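Top to bottom, those sequences are chains W and L. The first sequence lines up with residues 1 to 165 when you count with this note's numbering. The second sequence lines up with residues 166 to 330 when you count with this note's numbering. Built from N, CA and C at the ideal position, the CB exists for glycine as well. Note that the structure is predicted; figures quoted are calculated from it, not measured. Report on one structure; see the data block that follows.
Protein chains: 2
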Amino acid sequence: MVPKTPPAAPPRVPHDLLASTQFLLKRVGMAAKERALAEYEQAGFSPYHHAVLAFLSEDSPDTQGEIADALGYDRGQLVGLLDELEEKGLVERRRDPDDRRRHIVRVTGAGTKALGRLRGIAAALDDEFLVPLDGDERETLHGLLARLAEHHDPRCTLQPPAASP
Amino acid sequence: MVPKTPPAAPPRVPHDLLASTQFLLKRVGMAAKERALAEYEQAGFSPYHHAVLAFLSEDSPDTQGEIADALGYDRGQLVGLLDELEEKGLVERRRDPDDRRRHIVRVTGAGTKALGRLRGIAAALDDEFLVPLDGDERETLHGLLARLAEHHDPRCTLQPPAASP
DNA sequence: TATTGTTATACTCTATAACTATA
DNA sequence: TATAGTTATAGAGTATAACAATA
Numbered sequence: 001m002v003p004k005t006p007p008a009a010p011p012r013v014p015h016d017l018l019a020s021t022q023f024l025l026k027r028v029g030m031a032a033k034e035r036a037l038a039e040y041e042q043a044g045f046s047p048y049h050h051a052v053l054a055f056l057s058e059d060s061p062d063t064q065g066e067i068a069d070a071l072g073y074d075r076g077q078l079v080g081l082l083d084e085l086e087e088k089g090l091v092e093r094r095r096d097p098d099d100r101r102r103h104i105v106r107v108t109g110a111g112t113k114a115l116g117r118l119r120g121i122a123a124a125l126d127d128e129f130l131v132p133l134d135g136d137e138r139e140t141l142h143g144l145l146a147r148l149a150e151h152h153d154p155r156c157t158l159q160p161p162a163a164s165p
Numbered sequence: 166m167v168p169k170t171p172p173a174a175p176p177r178v179p180h181d182l183l184a185s186t187q188f189l190l191k192r193v194g195m196a197a198k199e200r201a202l203a204e205y206e207q208a209g210f211s212p213y214h215h216a217v218l219a220f221l222s223e224d225s226p227d228t229q230g231e232i233a234d235a236l237g238y239d240r241g242q243l244v245g246l247l248d249e250l251e252e253k254g255l256v257e258r259r260r261d262p263d264d265r266r267r268h269i270v271r272v273t274g275a276g277t278k279a280l281g282r283l284r285g286i287a288a289a290l291d292d293e294f295l296v297p298l299d300g301d302e303r304e305t306l307h308g309l310l311a312r313l314a315e316h317h318d319p320r321c322t323l324q325p326p327a328a329s330p
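Take a look at the structure:
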C-alpha cells in the first residue's frame with residue numbers, strides 16, 4: 001500500500017488556537033487534571049479527598065457546609081467524599097451540640113498522616129508536570145496562575161484582608 | 166441571632182493546595198473552560214466548533230479521521246459537531262472518490278466568515294480572562310503554557326520538524 | 001418557614017462498542 | 001479481514017430537587 005502523504009504529516013492543532021491563552025489554559029489544565037486523577041487513584045484517593053483533608057488540617061473543626069463552600073463543592077457531593085474518608089478513619093463526624101442539624105468534621109491522626117502522603121503525591125505531580133520548565137520559570141508560572149485564580153475565585157486569595165476591629 | 170464568627174470569616178481554599186501549580190492549573194483551566202462555553206454558547210457555537218473550523222481553514226480539505234486525530238476528539242463525537250456545522254452551511258461533506266469510505270470535509274465561504282466571528286470571541290475571552298495581567302505578563306504566561314502544552318501533547322507543537330527528503 | 005445534611009433523580013459528557021459500506 | 005463513518009449503548013460525573021431532622 002502506497003500512502004499519499006509519504007512521511008504521513010502528523011496531525012497538528014491549528015496555531016489559530018495555539019495563539020489563544022485561554023485555549024492553552026483549558027488544554028493544559030485538562031492534561032493536569034487527568035494526570036492527577038490517575039496518580040491519586042493509584043493511592044486509593046482522589047484530588048477531592050486531598051482538598052478536604054488539607055482544608056480540615058488548616059481550619060478544623062468545621063461543618064460540612066463550610067467545607068463545601070470553601071472548596072466550591074456541591075454539598076451532596078461532599079457527603080460521599082466524607083463517607084469514604086470516614087470509612088478509612090481519616091476524619092470524624094459528630095453532631096454539633098449547639099445546632100444539632102450540623103455535623104462537626106475533624107481530621108484524625110491517621111488523617112493527618114494520610115495528608116502527608118497526599119502532599120507527597122501533589123509535589124511529585126508538580127515536579128513531573130512542569131519538567132520542561134526550570135526553577136525560575138516554575139515560580140513565574142505559579143505566580144501568574146495564582147493571580148488569575150485569585151481574580152476569578154476570591155476563595156483562592158492567600159491573605160484575606162486582616163480586618164482589625 | 167448572634168453568629169459565632171462576627172465578621173463571618175470568608176471560606177478560603179487551603180494554601181497547601183494553592184502552593185501546588187498543577188492544582189492552580191486545574192482550577193484556572195476549569196474557570197477558563199466554563200467562561201468560554203458560556204460565551205460561545207451565546208453565539209450559538211461551542212469551542213469545539215471553533216476548533217474544527219480553525220483546523221479546516223488551515224488544512225482543508227481533510228477527512229473526518231484526520232480532523233478528529235488532530236484535535237484529539239472522538240470520531241463519534243465529531244460526527245455530531247460536523248452535522249451541526251453542515252446544517253448551518255459552514256462546512257461541506259463529500260465522499261472521497263478515491264476511497265468511498267472517506268468523507269472529504271471542507272469549509273464554505275460562510276464557514277470562513279463564521280470563523281472570523283469565533284476568532285473575535287476567542288480574542289475577547291483572552292482579554293477578559295487575563296485582565297489582571299499586563300502585556301508582558303500575558304506573553305510570558307502564554308509562552309510557558311505553550312511549552313507545557315507541547316510537552317504533554319505533541320500535536321500542540323507549532324513548527325513540526327520540516328522533514329527534508 | 002428556613003437550614004443542615006442526606007438521598008434520589010435527571011441530565012450531560014464521554015467512552016465503548018455495534019453496524020454499514022467500502023476496501 | 002480491516003477501515004471510515006455512523007449510530008446506539010452504557011458509564012462516570014455533575015447538577016437539581018425532594019426529604020428528614022432541627023432551628
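| Item | Value |
| --- | --- |
| Residue-chain proximity (VAL193/L, chain W), Cβ-Cβ < 8 Å | yes |
| As assigned by DSSP and simplified to three states, the class of ASP320/L | The question names Asp, but residue 320/L is Arg in the sequence shown. Three-state DSSP puts ARG320/L in a helix. |
| Residues bridged to HIS166/W (per DSSP) | Nothing can be reported for residue 166/W, as the shown portion of chain W is limited to 1 through 165. |
| Proximity test, Cβ basis, 8 Å: GLU206/L and chain W | no |
| Proximity test, Cβ basis, 8 Å: THR108/W and chain L | no |
| C-alpha distance - ALA43/W paired with GLN77/W, whole-angstrom precision | 21 Å |
| Proximity of ARG12/W and ALA235/L at Cβ, strictly below 8 Å | yes |
| Residue environment, ASP292/L, which counts as buried when at least 16 other CB atoms sit within 10 Å | exposed |
| Reduced DSSP category for ASP227/L - H, G, I as helix; E, B as strand; rest coil | strand |
| Positions along the region 221-245 of chain L whose CB lies within less than 7 Å of some CB in chain W | GLU223, GLU231, ASP234, ALA235 and LEU236 |
| Contact under 8 Å by Cβ, ARG303/L with THR21/W | yes |
| Cβ-Cβ distance between ASP181/L and ALA54/W below 8 Å | yes |
| ARG12/W, DSSP secondary structure in three states | coil |
| Beta-carbon neighbours of ALA114/W, restricted to chain L and to distances below 8 Å | Neighbours of ALA114/W on chain L: none; closest Cβ ~13 Å, over 8 Å. |
| Chain W contact for LEU323/L (CB, 8 Å cutoff) | yes |
| Interfacial residues, the region 281-304 of chain L to chain W, with Cβ spacing under 8 Å | ARG284, ALA287, ALA288, LEU290, ASP291, PHE294, LEU295, VAL296, PRO297, LEU298, GLU302 and ARG303 |
| Close beta carbons around HIS215/L, own chain, < 6 Å, minus the five adjacent residues each side | LEU283 |
| Span separating the alpha-carbon of CYS156/W from that of ALA36/W | 19 Å |
| Any C-beta of chain W under 8 Å from that of ASP248/L | no |
| Listed by chain order, chain L residues near VAL91/W by CB distance under 8 Å | Simply none; closest approach about 15 Å. |
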